[in-house]
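Undergrad:
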Amino acid sequence: MSGKPESRVRAGARASSVGVALLVASCFGVEVAQAQAIMRTPTISVPSRTPTVSPNITPRVSPNIAARAASVDRGPRTMATIPRTTTSRIGPTTPVLPYARYSPNLYPACTAPYRSGDGECLAQPNAGGEGTGKSGKKSAGKGRGNNTRVALTSRSFAGEFVAEIDGALSTAEADELARRHGLTRLASENFPLIGATFGLFRITDGRPYETVRREFAADGSVRSLQPNFRYVLQDQKSPATTEGDPAQYALAKLRLPQAHTLAHGANVTIAVIDSGIDAGHPELANSVADNFDALGSAEGPHVHGTGIAGAIAAHARLMGSAPEARIIAIRAFGGANGSAESSSYIILRSLNYAAEHGAQIVNMSFAGPKDAVIERAIAATAARGLVLIAAAGNAGAKSPPLYPAANPNVIAVSATDRQDRLFAASNRGNYIAVAAPGVDIFLPAPDGKYQVTSGTSFSAAYVSGVAALLLERNYTLKPEALRMTLVKTARDLGSPGRDDLFGDGHADAFAAVMAVPADSATPVAAASGTTKREDAPKRRDEPGIRAIEQPSLTSAEDKSAVSQADRPAAR
Numbered sequence: 001m002s003g004k005p006e007s008r009v010r011a012g013a014r015a016s017s018v019g020v021a022l023l024v025a026s027c028f029g030v031e032v033a034q035a036q037a038i039m040r041t042p043t044i045s046v047p048s049r050t051p052t053v054s055p056n057i058t059p060r061v062s063p064n065i066a067a068r069a070a071s072v073d074r075g076p077r078t079m080a081t082i083p084r085t086t087t088s089r090i091g092p093t094t095p096v097l098p099y100a101r102y103s104p105n106l107y108p109a110c111t112a113p114y115r116s117g118d119g120e121c122l123a124q125p126n127a128g129g130e131g132t133g134k135s136g137k138k139s140a141g142k143g144r145g146n147n148t149r150v151a152l153t154s155r156s157f158a159g160e161f162v163a164e165i166d167g168a169l170s171t172a173e174a175d176e177l178a179r180r181h182g183l184t185r186l187a188s189e190n191f192p193l194i195g196a197t198f199g200l201f202r203i204t205d206g207r208p209y210e211t212v213r214r215e216f217a218a219d220g221s222v223r224s225l226q227p228n229f230r231y232v233l234q235d236q237k238s239p240a241t242t243e244g245d246p247a248q249y250a251l252a253k254l255r256l257p258q259a260h261t262l263a264h265g266a267n268v269t270i271a272v273i274d275s276g277i278d279a280g281h282p283e284l285a286n287s288v289a290d291n292f293d294a295l296g297s298a299e300g301p302h303v304h305g306t307g308i309a310g311a312i313a314a315h316a317r318l319m320g321s322a323p324e325a326r327i328i329a330i331r332a333f334g335g336a337n338g339s340a341e342s343s344s345y346i347i348l349r350s351l352n353y354a355a356e357h358g359a360q361i362v363n364m365s366f367a368g369p370k371d372a373v374i375e376r377a378i379a380a381t382a383a384r385g386l387v388l389i390a391a392a393g394n395a396g397a398k399s400p401p402l403y404p405a406a407n408p409n410v411i412a413v414s415a416t417d418r419q420d421r422l423f424a425a426s427n428r429g430n431y432i433a434v435a436a437p438g439v440d441i442f443l444p445a446p447d448g449k450y451q452v453t454s455g456t457s458f459s460a461a462y463v464s465g466v467a468a469l470l471l472e473r474n475y476t477l478k479p480e481a482l483r484m485t486l487v488k489t490a491r492d493l494g495s496p497g498r499d500d501l502f503g504d505g506h507a508d509a510f511a512a513v514m515a516v517p518a519d520s521a522t523p524v525a526a527a528s529g530t531t532k533r534e535d536a537p538k539r540r541d542e543p544g545i546r547a548i549e550q551p552s553l554t555s556a557e558d559k560s561a562v563s564q565a566d567r568p569a570a571r
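Quick note on the numbering used here: the sequence shown kicks off at 1 and runs consecutively.
(1) I'd like the list of long-range same chain contacts for Y353, defined as Cβ closer than 8 Å, with 5 residues on each side in sequence excluded.
(2) Can you look up T456 in the DSSP assignment and give me helix, strand or coil?
(3) State buried or exposed for G465, treating a residue as buried only when at least 16 other CB atoms are found within 10 Å of its CB.
(4) Can you have a look at N363 and say buried or exposed, based on whether 16 or more other CB atoms are within 10 angstroms of its CB?
(5) Comparing alpha-carbon positions, which option in E472, D500, T476 and V487 lies nearest A259?
(6) State the start and end residues of the unbroken alpha helix (DSSP H) segment that holds D175.
(7) Quick one: using the 10 Å Cβ neighbour count with 16 as the cut-off for buried, is Q419 buried or exposed?
(8) Taking C-alpha atoms, which residue in V162, P369, L251 and N228 lies nearest to F510?
(9) Report the three-state DSSP secondary structure of P268 (helix, strand or coil).
(10) Go to M484, then tell me how far its alpha helix (DSSP H) extends in each direction, as first and last residue.
(11) Check whether the Cβ atoms of A629 and V463 lie closer than 7 Å to each other.
(12) Taking C-beta to C-beta, are G300 and L443 nearer than 7 Å?
(13) Taking only the alpha-carbon atoms, compute the straight-line gap between M514 and A406 and give it to the nearest angstrom.
(14) Can you tell me whether N430 is buried or exposed, with buried defined as 16 or more other CB within 10 angstroms of its CB?
(15) Could you name the residues of the same chain whose beta carbon sits closer than 7 Å to that of T489, not counting the 5 residues immediately before and after it, in chain order?
(16) Taking C-alpha atoms, which residue in L193, G195 and R230 lies nearest to G572?
(17) Give me, in chain order, the residues of the same chain whose beta-carbon lies closer than 6 Å to that of A436; leave out the 5 immediate sequence neighbours on both sides.
(18) Grab the span of the alpha helix (DSSP H) containing G307 for me, first residue to last.
(19) To which residues of the same chain is G335 closer than 7 Å at the C-beta, ignoring the five residues directly before and after it?
(20) Quick check on DSSP: helix, strand or coil for A332?
(21) What is the DSSP secondary structure of S414, reduced to helix, strand or coil?
(22) What does the Cβ neighbour count give for E173, buried or exposed, with the cut at 16 atoms within 10 Å?
(23) Pairing CB atoms from the segment 262-277 with CB atoms from the segment 316-327, are three or more of them under 8 Å?
(24) Helix, strand or coil: how does DSSP classify E299 here?
(25) So, helix, strand or coil for N407, using DSSP?
(26) Span of the beta strand (DSSP E) holding L443?
(27) For I65, which residues of its own chain have a beta-carbon under 6 Å away from its beta-carbon, when the five flanking residues on both sides are left out?
(28) Please identify the residue among L469, I432, R376 and P282 whose C-alpha is closest to the C-alpha of D499.
(29) Thinking C-alpha only, which one of S344, S154 and H315 is nearest F198?
(30) According to the neighbour-count rule (16 or more other Cβ atoms, all chains shown, within 10 Å of its Cβ), is R317 buried or exposed?
(31) State the start and end residues of the unbroken beta strand (DSSP E) segment that holds E210.
(32) Among L233, A218, H181 and E189, which has the Cα closest to the Cα of P208?
(33) Among R202, S221, P369 and A445, which residue has its Cα nearest to the Cα of E283?
(34) Taking only the alpha-carbon atoms, compute the straight-line gap between S365 and R349 and give it to the nearest angstrom.
(35) Just verifying my parser: in three-state terms, what is the DSSP assignment at T85?
(36) Is it right to say T211 is buried, meaning 16 or more other beta carbons lie within 10 angstroms of its own, or is it exposed?
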């Protein structure tokens with residue numbers, strides 16, 4: 001009996017405890033329904049939260065919800081598929097990038113594995129389509145971006161070789177050499193400039209290029225072998241040719257009127273390796289002393305070559321930088337569709353002719369890839385004491401160095417506009433020597449017309465004319481001394497000191513001429529304050545006044561010194 005009262009006491013105590021608990025809960029504002037929901041763990045909707053569960057917080061899952069472990073385990077499996085989805089979105093790089101600009105007269109870029117230490121594309125598959133003039137913010141020169149590979153023939157003429165062959169071979173023997181390898185000999189000749197015989201050969205039996213190259217190079221009569229590289233002129237397409245005579249801002253930028261009070265380029269011969277020149281244009285009357293068609297073509301004058309000659313020697317309504325210079329017009333570029341291009345073999349012929357026919361300055365307003373044959377010819381030309389000047393190129397900031405401008409024996413010229421800003425398409429690099437006007441340049445065009453055009457081509461032509469002024473001032477000035485005069489007297493542009501955009505600065509013709517002591521053995525300008533020699537018409541009418549003269553190299557020692565002391569150091 002005593003047990004029943006005890007059980008009633010315990011039940012009453014429990015009831016009292018529950019009542020106290022409810023009273024305390026109500027005092028603290030805790031709702032009974034919420035408290036029950038907290039205690040009902042199985043009602044938590046774990047599956048709905050599974051996709052947002054981060055793998056990093058997996059240890060925080062409560063062990064009390066083990067019944068939902070199957071739902072939690074599906075989370076990592078779902079996340080594992082994300083990398084595969086991301087990869088499929090990246091896919092192959094689009095061949096044509098929306099921010100890239102391609103120019104038809106430039107060369108393909110190459111990715112990092114196929115680029116040499118000097119930035120030149122090696123003989124490997126290239127990337128980039130028809131040009132390296134990319135203007136986007138992303139770099140195309142670091143092995144990223146456009147990975148579409150194009151054949152080597154985009155930089156050279158398909159199926160053609162330039163080969164140094166045994167000079168003792170007769171024409172018949174050279175033809176037989178070609179036939180043995182399934183080739184046709186297009187041309188061959190001896191080049192005194194480099195003391196070697198070169199031939200131009202083409203594949204005719206349809207065999208793969210690399211197969212023929214290996215077999216031909218192994219022949220004992222072949223000394224060296226390379227592709228017939230492609231070269232293009234460095235201008236930009238301009239509006240249709242126009243009539244009239246707008247102001248030539250380049251004259252004031254170069255201070256040519258002041259320089260012409262001291263020199264006009266008289267008795268200085270400039271070889272212009274370019275497209276056809278209209279020697280009958282009024283601006284070029286009596287300026288062309290000699291013609292050589294390295295192409296052997298019947299094409300007429302071309303707008304580019306005529307413009308280059310005008311930038312140098314115009315002397316009618318316009319004014320060139322050396323209006324009394326003599327020009328050797330060497331046609332090395334031609335094409336039926338309006339554009340003009342050349343090749344390794346033709347450039348070699350052109351350089352050989354210039355060196356053998358008395359040129360003192362060679363203007364090369366074109367660009368191409370690094371070319372072993374042309375490098376050899378340029379070294380030999382420089383060793384003879386000729387001044388070599390070239391357009392830096394119109395491939396833009398991302399381009400690797402273009403040649404011949406990047407050759408250390410050559411004075412490379414970039415282009416500026418009337419505000420002294422760099423031409424957007426101008427190449428950059430530590431090989432740039434000086435800059436000169438090259439944007440919206442007013443020049444002669446074939447058939448007595450005029451043109452407004454842009455490009456580093458015309459900047460180089462202006463500097464070639466300035467070099468002629470210096471040689472008239474002092475006929476014995478050697479190439480390296482002339483280069484140093486140009487760079488030391490240049491007007492600094494851009495960041496202080498030398499840079500990769502403007503080199504040592506904007507060329508200053510007047511300062512350069514003033515820096516060269518006059519040589520009493522050479523004629524100088526007669527009257528101060530004039531922009532043309534007063535005796536120019538009389539001099540042009542004198543018979544034989546344009547006869548070509550050999551450069552003044554007084555002895556074998558002088559020629560040797562040119563190749564050693566005067567060879568520009570690597571930049």
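Every residue gets a Cβ at the ideal spot worked out from N, C-alpha and C, and that includes glycine.
TA: Once the coordinates are examined:
(1) Residue numbering aside, residue 353 sits at position 353 when the sequence shown is read from its first letter. Within the same chain, Y353 has close Cβ partners A271, F292, A294, I328 and I330.
(2) As a working note, residue 456 is residue 456 in the sequence shown. Note: T456 maps to helix in three-state DSSP.
(3) In the sequence shown, the residue the question calls residue 465 occupies position 465. Its Cβ being crowded by 16 or more others within 10 Å, G465 is buried.
(4) Locating residue 363 in the sequence shown gives position 363, where the first residue counts as 1. With 16 or more Cβ atoms within 10 Å of its Cβ, N363 is classed as buried.
(5) Here residue 259 corresponds to residue number 259 of the sequence shown, with the count starting at 1. Considering only E472, D500, T476 and V487, the residue with the shortest C-alpha distance to A259 is E472.
(6) Start at 1 with the first residue of the sequence shown, and residue 175 comes out as number 175. Per DSSP, D175 belongs to the alpha helix (DSSP H) from T171 to R180.
(7) Position 419 of the sequence shown, counting from 1, holds the residue named residue 419. Exposed, since its Cβ has fewer than 16 Cβ neighbours within 10 Å.
(8) Numbered from 1 along the sequence shown, position 510 holds the residue referred to as residue 510. Of the candidates V162, P369, L251 and N228, the one whose C-alpha sits nearest the C-alpha of F510 is L251.
(9) Numbered from its first residue, the sequence shown carries residue 268 at position 268. Here residue 268 turns out to be Val, not Pro, going by the sequence shown. If DSSP states are grouped into helix, strand and coil, V268 belongs with coil.
(10) In the sequence shown, counting from the first residue as 1, residue 484 sits at position 484. Here the alpha helix (DSSP H) through M484 covers P479 to K488.
(11) With the chain running from 1 to 571 in the structure shown, residue 629 is simply not present.
(12) The residue you call residue 300 lines up with position 300 of the sequence shown. The residue you call residue 443 lines up with position 443 of the sequence shown. No, they are not a contact pair.
(13) Translated into positions along the sequence shown, residue 514 becomes position 514. Translated into positions along the sequence shown, residue 406 becomes position 406. Approximately 28 Å, taken between the alpha carbons.
(14) For this step, residue 430 is matched to residue 430 along the sequence shown. So N430 ends up on the exposed side.
(15) Here residue 489 refers to the residue found at position 489 of the sequence shown. Excluding sequence neighbours, T489 sits near D508, A511, A512 and A515.
(16) This structure cannot settle anything about residue 572, because the visible part of the chain is limited to 1 through 571.
(17) As a working mapping, residue 436 is identified with position 436 in the sequence shown. Correct list, in chain order: V413, S459, Y462, V463 and A507.
(18) Residue mapping note: residue 307 aligns to position 307 of the sequence shown, counting from 1. According to the DSSP assignment, G307 belongs to the alpha helix (DSSP H) that extends over V303 to A313.
(19) In the sequence shown, residue 335 corresponds to position 335, counting from 1. Once the five neighbours on either side are set aside, the close Cβ partners of G335 are E341.
(20) Position 332 of the sequence shown holds residue 332. A332 falls in the coil class under three-state DSSP.
(21) Indexing the sequence shown from 1 puts residue 414 at position 414. Judged by DSSP in its simplified three-state form, S414 adopts strand.
(22) On the sequence shown, position 173 is the one that residue 173 refers to. Counting Cβ neighbours within 10 Å, E173 comes out exposed, since fewer than 16 surround it.
(23) Pairwise C-beta distances place the segment 262-277 in contact with the segment 316-327, as three or more of them are shorter than 8 Å.
(24) The residue you call residue 299 lines up with position 299 of the sequence shown. DSSP places E299 in coil when its eight states are reduced to three.
(25) The residue labelled residue 407 in the question sits at position 407 within the sequence shown. DSSP, read as helix, strand or coil, puts N407 in coil.
(26) Residue numbering aside, residue 443 sits at position 443 when the sequence shown is read from its first letter. I441 to A445 is the span of the beta strand (DSSP E), which, as asked, contains L443.
(27) The residue you call residue 65 lines up with position 65 of the sequence shown. No answer about I65 holds up, because its pLDDT of 37 lies below 50 and its placement is not dependable.
(28) Taking the sequence shown and counting its residues from 1, one reaches residue 499 at position 499. D499 has its Cα closest to that of I432, out of L469, I432, R376 and P282.
(29) Position 198 of the sequence shown, counted from the start, is the residue given in the question as residue 198. Closest option to F198, Cα to Cα, is S344.
(30) As a working note, residue 317 is residue 317 in the sequence shown. Exposed: under 16 other Cβ atoms inside 10 Å.
(31) For the purposes of this step, residue 210 is taken as the residue at position 210 of the sequence shown. Counting along the chain, no beta strand (DSSP E) covers E210; the unbroken alpha helix (DSSP H) around it starts and ends at Y209 to A217.
(32) As a first step, residue 208 is located in the sequence shown; it is residue number 208 there, counting from the start. Measuring from the Cα of P208, the nearest candidate turns out to be H181.
(33) Mapped onto the sequence shown, residue 283 falls at position 283. The alpha carbon of E283 has as its nearest neighbour, out of R202, S221, P369 and A445, the alpha carbon of A445.
(34) Residue numbering aside, residue 365 sits at position 365 when the sequence shown is read from its first letter. Residue numbering aside, residue 349 sits at position 349 when the sequence shown is read from its first letter. The C-alpha of S365 lies about 16 Å from the C-alpha of R349.
(35) Locating residue 85 in the sequence shown gives position 85, counting from the first residue. Legend: pLDDT at T85 = 37, less than 50; position of this residue unreliable, value from coordinates given subsequently. Here DSSP, grouped into helix, strand and coil, assigns T85 to helix.
(36) Start at 1 with the first residue of the sequence shown, and residue 211 comes out as number 211. Answer is exposed; the Cβ neighbour count stays below 16.
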